[in-house]
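At position 215 of the sequence shown the residue is numbered 262 (the working numbering), and the sequence of numbers has no breaks. Backbone N, C-alpha and C define an ideal beta-carbon position, used for all residues, glycine too. What follows is a short report on a single structure.
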Amino acid sequence: MIRRPLARETSADPRMLAEVAEGLSSPQKELSPKYFYDQRGSELFEEITRLEEYYPTRTERALLEGWMPSLVRRLGSRTLVELGAGSAEKSRVILDAMRAAGTAELYVPIDVSARFLAQAAARLRREYPRLAVEPAIADISEEFDLPRGLARPALFAFLGGTIGNFYPPAAIRLIARVRAAMDPGDRFLMGVDLRKDVARIEAAYNDARGVTAAFNRNMLLVLNHELGADFDPAAFEHLAFYEPVAHRIEMHLVSRRAHTVTIPGIGAVRFEAGESLRTEISAKHDRESVAQLFEAAGLELEEWRADPESLFALVVGVRG
Ligand code: AVJ
Numbered sequence: 048m049i050r051r052p053l054a055r056e057t058s059a060d061p062r063m064l065a066e067v068a069e070g071l072s073s074p075q076k077e078l079s080p081k082y083f084y085d086q087r088g089s090e091l092f093e094e095i096t097r098l099e100e101y102y103p104t105r106t107e108r109a110l111l112e113g114w115m116p117s118l119v120r121r122l123g124s125r126t127l128v129e130l131g132a133g134s135a136e137k138s139r140v141i142l143d144a145m146r147a148a149g150t151a152e153l154y155v156p157i158d159v160s161a162r163f164l165a166q167a168a169a170r171l172r173r174e175y176p177r178l179a180v181e182p183a184i185a186d187i188s189e190e191f192d193l194p195r196g197l198a199r200p201a202l203f204a205f206l207g208g209t210i211g212n213f214y215p216p217a218a219i220r221l222i223a224r225v226r227a228a229m230d231p232g233d234r235f236l237m238g239v240d241l242r243k244d245v246a247r248i249e250a251a252y253n254d255a256r257g258v259t260a261a262f263n264r265n266m267l268l269v270l271n272h273e274l275g276a277d278f279d280p281a282a283f284e285h286l287a288f289y290e291p292v293a294h295r296i297e298m299h300l301v302s303r304r305a306h307t308v309t310i311p312g313i314g315a316v317r318f319e320a321g322e323s324l325r326t327e328i329s330a331k332h333d334r335e336s337v338a339q340l341f342e343a344a345g346l347e348l349e350e351w352r353a354d355p356e357s358l359f360a361l362v363v364g365v366r367g
């Protein structure tokens, strides 16, 4: 009898398969943090944002609420283009400010998850009946096209501190891609998590309830589901630590014992006892490091707003 392959063996995204194969064949095994975010992973991240230890989301939100009304009025922003929009929760703070200023015309949320985007767009169209909502599906960690023909001036936004997930060359490429889509009157608004007391940062990635640990292990379930891999999440321990030279949090999954994982299309992947798989970097910044990133991408750091404790900052860049 001819055995038909399981659907999941043939439906694996070939680019994901190639990227995972490469990441797992490196001496330091590594996978992209974009693989955290399936339905469950997005829910776990939402839960993280509400944790006592995880200060970035609420700090950024307060900064947006305090600053967007005056910033958007001054800029006269008619379009908001948001990279990695997700559920578009904090986008509302900016859209409300644009509406109050009487300039809100177009919102372009960009995200990988078509479902998330469609849901968010439908909700926003109901809430902002006079706003055009034109979602764009794109993986911002790859080459992607930014929309043209926007109502000007436009505000491009990349919030949450997610720029920290990119190694510097990729971060610069991403910002340079935004810069190439900007007119001289446009602005780039970015959220960055700041360098601070290491214990405070490490606590944000090692919460007492273990939500971040579950979020970290969820990546293995994503690989099982998407690629038909046979990862046992219980065979890995959550590890998150601050790396002070590169100024970043690193999240790893550490194999508790020597074992082998099988991934269709890749084969057997061996893990030694204590061997780690890096799942995320989250770089922390200061004014100087942001200015450097911007300059390398052809932008000038125009404005900087941090909270009173200097936990998190919103920065604005303009074409240099
Ligand atoms: C959404 C990428 C900004 O790096 O802090 C939260 C993701 N990882 N807890 C971050 C995350 C672990 C988060 N970003």
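Continuous beta strand (DSSP E) stretch holding T209: start and end: Within the sequence shown, residue 209 is the residue found at index 162, counting from 1. No beta strand (DSSP E) contains T209, which DSSP labels as neither H nor E.
Beta-carbon proximity of L221 to I248, cut-off 9 angstroms: Indexing the sequence shown from 1 puts residue 221 at position 174. Indexing the sequence shown from 1 puts residue 248 at position 201. The answer is no: Cβ separation not under 9 angstroms.
Within 9 angstroms, strictly: CB atoms of T259 and M298: For this step, residue 259 is matched to residue 212 along the sequence shown. For this step, residue 298 is matched to residue 251 along the sequence shown. Yes, Cβ-Cβ distance for T259 and M298 is below 9 angstroms.
Beta-carbon contacts of E100 that lie in its chain and below 6 angstroms, excluding the five residues immediately before and after: As a position in the sequence shown, residue 100 is number 53, starting the count at 1. Once the five neighbours on either side are set aside, the close Cβ partners of E100 are A250, A251 and D254.
Assigned exposure category for D390 - 16 Cβ within 10 Å defines buried: An answer regarding residue 390 cannot be provided, because it is not within the stretch 48 to 367 covered by the chain.
CB-CB length for L153 against L197, believed under 8 angstroms: As a working mapping, residue 153 is identified with position 106 in the sequence shown. As a working mapping, residue 197 is identified with position 150 in the sequence shown. Indeed, because the Cβ distance is near 6 angstroms, the residues count as touching under 8 angstroms.
Cβ neighbour criterion (16 or more within 10 Å) applied to V292: To locate residue 292, count along the sequence shown from 1; it is residue 245. Exposed, since its Cβ has fewer than 16 Cβ neighbours within 10 Å.
Cutoff 6 angstroms; reference I328; Cβ partners in own chain excluding five residues on either side: As a first step, residue 328 is located in the sequence shown; it is residue number 281 there, counting from the start. Closer than 6 angstroms at the Cβ level, and outside the excluded window around I328, lie R295 and E297.
Local conformation of E249 per DSSP, three classes: Within the sequence shown, the letter at position 202 stands for residue 249. Helix at E249.
Cβ-heavy atom distance, M298 to the ligand AVJ, below 8 angstroms: Along the sequence shown, one-based indexing puts residue 298 at 251. Yes; taking the cut-off as 8 angstroms, the Cβ of M298 has a heavy atom of the ligand AVJ nearer than that.
Proximity of G149 and S89 at Cβ, strictly below 9 angstroms: The sequence position of residue 149 within the sequence shown is 102, counting from 1. The sequence position of residue 89 within the sequence shown is 42, counting from 1. Not a contact, by the Cβ cut-off of 9 angstroms.
Cβ distance (whole Å) where E93 is taken to contact L361 below 8 angstroms: Stepping through the sequence shown from its first residue, residue 93 is reached at position 46. Stepping through the sequence shown from its first residue, residue 361 is reached at position 314. Contact doesn't hold; Cβ gap of about 21 angstroms is too wide.
Residue interval of the alpha helix (DSSP H) (run including S72): Within the sequence shown, the letter at position 25 stands for residue 72. Unbroken alpha helix (DSSP H) run through S72: P61 to S72.
Close Cβ partners of A59 (< 8 angstroms) along its chain, the five nearest in sequence each way excluded: Counting from one through the sequence shown, the residue named residue 59 turns up at place 12. Counting only Cβ-Cβ distances below 8 angstroms, and skipping sequence neighbours, we find E273, L274, G275, P311 and G312.
Beta bridge counterpart(s) of A315 as assigned by DSSP: For the purposes of this step, residue 315 is taken as the residue at position 268 of the sequence shown. Beta-bridge pairing links A315 to T309.
Rounded distance between the beta-carbons of P200 and L122, thought under 8 angstroms: Counting from one through the sequence shown, the residue named residue 122 turns up at place 75. Counting from one through the sequence shown, the residue named residue 200 turns up at place 153. Right, their Cβ atoms sit about 6 angstroms apart.
I184 - DSSP class collapsed to helix/strand/coil: Counting from one through the sequence shown, the residue named residue 184 turns up at place 137. In this structure, DSSP gives I184 an extended state, which the three-state scheme calls strand.
Under 9 angstroms between C-beta atoms of L346 and R226: Along the sequence shown, read from residue 1 onward, the residue named residue 346 stands at position 299. Along the sequence shown, read from residue 1 onward, the residue named residue 226 stands at position 179. Taking 9 angstroms as the Cβ cut-off, L346 and R226 qualify as a contacting pair.
Closer than 8 angstroms: S329 CB and nearest the ligand AVJ heavy atom: Taking the sequence shown and counting its residues from 1, the one referred to as residue 329 is at position 282. S329: yes, Cβ under 8 angstroms from the ligand AVJ.
R177, enclosing beta strand (DSSP E) - first and last residue: On the sequence shown, position 130 is the one that residue 177 refers to. Unbroken run through R177: none, as it is neither H nor E.
Cβ-heavy atom distance, D279 to the ligand AVJ, below 8 angstroms: Start at 1 with the first residue of the sequence shown, and residue 279 comes out as number 232. Checking every heavy atom of the ligand AVJ against the Cβ of D279, none is found closer than 8 angstroms.
Cβ-heavy atom distance, F92 to the ligand FAD, below 8 angstroms: As for the ligand FAD, it is missing from this structure, which binds only the ligand AVJ.
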